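Numbering (my numbering), first residue to last: 1 to 167. Ideal placement from N, C-alpha and C gives every residue a C-beta, glycine not left out. A quick note: this is a predicted structure, and the numbers were derived from the prediction, not measured. Below is one structure, written out as structure tokens, with a few remarks after it.
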């Protein structure tokens, strides 16, 4: 690491701290030549392999913009989207790989989005998983009901007593 003051090719690490989100390390360094201190921030690179094979840097902003469309008209704030993007990045980085397929990022988005807003999840999943029939939507909604409520439930507006007679 070159000293930014005297261009000496070496420095000594005085202190290291991990960022709050765990994605970078801030280091205080001291130059053995001039004695001045400076800070560096180190981040592990993460590249996305697009469907056409092109590599591009991972971007939380791209996740936010993609999910924002599914969240239009829903009670989801910009702060919620930022937290979701951070969670997705943590999931992706936890694999330890320096390159990740775009498809894997899409899969990593599904679970945090489902926890955030089920309607936005259905919208996103319908595009991402290429729903092409009503049955695809019904299956996804049925799975949400099973996971969320422990099983199928009566449609809204049906008032039934335990013996099956209408109320």
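Quick check: the Cα distance between residue 51 and residue 87, rounded to an integer number of angstroms? 23 Å
State the Cα-Cα distance for the pair residue 143 and residue 129, rounded to the nearest angstrom. 15 Å
What's the C-alpha gap between residue 45 and residue 134? 41 Å
Please report the distance separating the alpha-carbon of residue 25 from that of residue 40. 8 Å
May I ask you to list the residues that DSSP assigns as paired with residue 100? 48
If I'm right that residue 37 touches residue 14 with Cβ under 8 Å, what's the distance once you round it to whole angstroms? 7 Å
Kindly identify the DSSP beta-bridge partner or partners of residue 13. 29
Host beta strand (DSSP E) of residue 37 (start-end): 37 to 43
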